[in-house]
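When the letters of the sequence shown are read in order and numbered with the working numbering, they come out as residues 8 to 432. Using N, Cα and C, we set each Cβ at its ideal position, and we do this for glycine too. Read the structure below first, then the notes.
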Amino acid sequence: MKALLLGLVLVPAALSAQSDADVRAAVDRLAPSIIEVRHVLHQNPELSNREFKTAERVAAHLRSLGLEVRTGVARTGVVGILRGGRPGPVLAVRADMDALPVREETPYPFRSTAKGEYLGKQVDVSHACGHDVHTAVQMGVASVLAPMRDRIAGTVVFLFQPAEEGAPPGEEGGAALMLKEGVFRDLKPEAVIGLHTFAQMEVGKVGYTPGPAMAASDRFIATIRGRQSHGASPQLSIDPVLMASQAVMSLQTIRSRNLSPFEPSVVTVGVIRGGERFNIIPDTVTLMGTVRTFDPKVQDEVERRMREILEGVTRAGGGSYTIDYQRTTPVTVNHADLTRRLRPTMERLMGAQNVVEVPPTTGAEDFAFFANTVPGFFYRLGTVKPGTRSGDHHTPTFMADDASIPIGMRVMSSLVLDYLGSVGR
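Following this line, the structure appears as structure tokens:
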């Protein structure tokens with residue numbers, strides 16, 4: 008904690024004003040080229056652990072700025088190091104690079120028509136969560152700060168992370184693998200900052216959540232086994248379809264009857280898969296889904312009750328079950344002291360009326376692994392063009408407006424400079 012507070016030196020007002028003016032001028036100059044970078048990234052999306060071309064573009068950009076660059080981190084991740092001209096703390100900033108198996112249906116002239124392979128199938132690929140904006144903004148921040156390096160007190164570690172959406176089955180990836188490979192071992196930051204596009208917030212606003220901001224995410228695959236028979240002779244079967252149907256309904260009682268109504272959580276079955284023909288009762292049915300929680304005790308209770316329900320339903324029906332329950336992403340928590348010290352920077356830049364405290368979301372974020380290692384601050388960047396609507400994240404009509412990019416560059420650059428106690432010329 009002492010190191011964190013030492014890193015959060017308040018910058019005198021006159022120096023903040025000079026720094027803000029310098030950042031604004033740099034952003035105004037760089038924004039058109041960084042927006043073009045965003046268009047290129049958007050038209051060339053790559054799935055998790057397959058961000059090869061994206062990583063090449065990022066690494067080339069960072070090298071052109073004179074940063075120390077590491078590639079191949081957690082398969083396709085890139086790390087850039089900007090060492091300031093004066094001693095000071097180490098701060099990490101993070102952007103995620105991967106896209107999703109979603110067909111884009113937007114009016115953008117730079118919309119994606121890319122294809123990729125997902126779970127053995129050929130799929131459409133798009134940046135339906137705004138990671139192209141995250142990557143472009145962070146490349147822009149590096150462009151803003153690199154010419155200022157002599158004035159910077161400390162070191163900035165730029166983390167370009169792959170596989171935020173989750174590595175393919177059987178592979179490791181994302182923030183957890185970056186940490187496992189020692190990304191913080193030789194140059195451990197005192198804090199880490201990240202941002203995310205927000206499909207419910209207009210351009211010109213930023214948002215943040217004090218404390219727990221995004222939920223822990225668990226993933227389960229349950230297989231219910233019975234006995235196959237002709238559909239005309241159900242008495243000869245042990246029907247896994249019936250057991251699966253009862254299980255899906257009963258799993259919803261965890262949220263409604265076993266947990267406090269004041270404790271946010273989600274239990275969702277997203278896939279029910281079984282059978283090959285209309286007149287055959289199959290021998291197995293598979294359920295796949297997700298659990299979202301904010302408290303490890305609630306997480307334990309959900310998993311315990313899920314196993315009890317599956318055991319009870321299948322025993323009563325004469326069948327059996329297996330379950331693969333994985334705790335994939337922890338809760339994303341905004342560090343209290345770090346949040347209190349960085350909010351004034353956002354208010355100074357955006358105006359207090361444009362800095363919004365947003366409620367926690369049951370969406371999950373791989374940034375949590377970094378923020379569980381060092382104090383973290385994760386904020387939301389308004390990306391909806393005023394007067395228009397965007398589809399939600401992970402949908403074909405998700406749209407993030409280009410006008411959000413210079414705002415993201417200004418805010419992140421100033422957060423970095425204020426944290427490091429940058430001084431003027």
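Beta carbon of residue i nearer than 8 Å to that of residue j
i: V30; j: S411; result: no
i: G415; j: L388; result: yes
i: R280; j: T293; result: yes
i: R158; j: G73; result: no
i: D225; j: Q306; result: yes
i: A106; j: V132; result: yes
i: A135; j: H342; result: no
i: N286; j: G233; result: no
i: T336; j: A229; result: no
i: G181; j: E171; result: yes
i: P217; j: T346; result: yes
i: S257; j: I316; result: yes
i: G161; j: P114; result: no
i: L424; j: S71; result: no
i: L37; j: G147; result: yes
i: G296; j: G277; result: yes
i: V34; j: R417; result: yes
i: S397; j: A206; result: yes
i: V391; j: M208; result: yes
i: Y125; j: F227; result: no
i: P366; j: V210; result: no
i: V362; j: R350; result: yes
i: V309; j: I231; result: no
In DSSP terms, what residue i is bridged to
i: I412; result: Partner(s): none; I412 has no beta bridge.
i: M221; result: T339, T368
i: T300; result: A223, S272
i: F384; result: I200
i: S26; result: Bridge partners of S26: none, in fact.
i: G161; result: For G161, which the question treats as bridged, DSSP gives no partner whatsoever.
i: G84; result: V80
i: H138; result: DSSP output for H138 lists no bridge partner at all.
Three-state secondary structure assigned by DSSP to residue i
i: S257; result: helix
i: E316; result: This sequence places Ile at residue 316; Glu is not what is there. Reduced to three states, the DSSP call for I316 is helix.
i: T404; result: coil
i: R70; result: helix
i: Y426; result: helix
i: T216; result: coil
i: L266; result: coil
i: M295; result: strand
i: R36; result: helix
i: A102; result: strand
i: E58; result: coil
i: G173; result: coil
i: T346; result: helix
i: D131; result: strand
i: S420; result: helix
i: Q306; result: helix
i: E209; result: strand
i: P52; result: coil
i: L194; result: coil
i: G181; result: helix
i: K9; result: Because K9 sits at a pLDDT of 44, beneath the cut-off of 50, its placement in the model cannot be relied upon, and the following sentence gives the value as read from the coordinates. Helix at K9.
i: Q360; result: helix
Selection from the options that minimises the alpha carbon distance to residue i
i: I288; options: P247, D302, P382; result: P247
i: L266; options: R311, E111, R232; result: R311
i: Q259; options: A251, R355, T275; result: T275
i: G214; options: F374, D409, E364, D35; result: E364
i: K304; options: T321, P271, D331; result: P271
i: S55; options: G123, I316, G87, Q360; result: G123
i: V144; options: P94, P154, E43, V130; result: E43
i: L427; options: E197, A24, F269; result: E197
i: A375; options: N286, V199, T329, V309; result: V199
i: R334; options: L317, N361, G325, D302; result: D302
i: A220; options: Q242, R299, V210, H237; result: R299
i: G127; options: N379, Q242, G177; result: G177
i: E58; options: V130, A153, F167, A28; result: F167
i: S244; options: M250, S252, Q235; result: Q235
i: K212; options: Q242, D408, R110; result: D408
i: V381; options: V190, S23, R156; result: V190
i: T352; options: V76, N51, F384; result: F384
i: A62; options: R110, G319, G79; result: G79
i: E111; options: M419, P413, M406; result: M406
i: D103; options: V130, E53, E179; result: E53
Cβ-Cβ separation, residue j to residue i (assumed contact under 8 Å), whole Å
i: R101; j: G201; result: 4 Å
i: V164; j: L184; result: That pair is no contact at about 17 Å.
i: H203; j: H141; result: 7 Å
i: I41; j: S150; result: 7 Å
i: A99; j: F377; result: 7 Å
i: R81; j: P169; result: Residue 81 is actually Ala in this sequence, not Arg. The pair is a contact, with the Cβ atoms about 6 Å apart (cut-off 8 Å).
Cβ of residue i within 8 Å of any chain C Cβ
i: R158; result: Absent here is chain C; the protein component of the structure consists of one chain.
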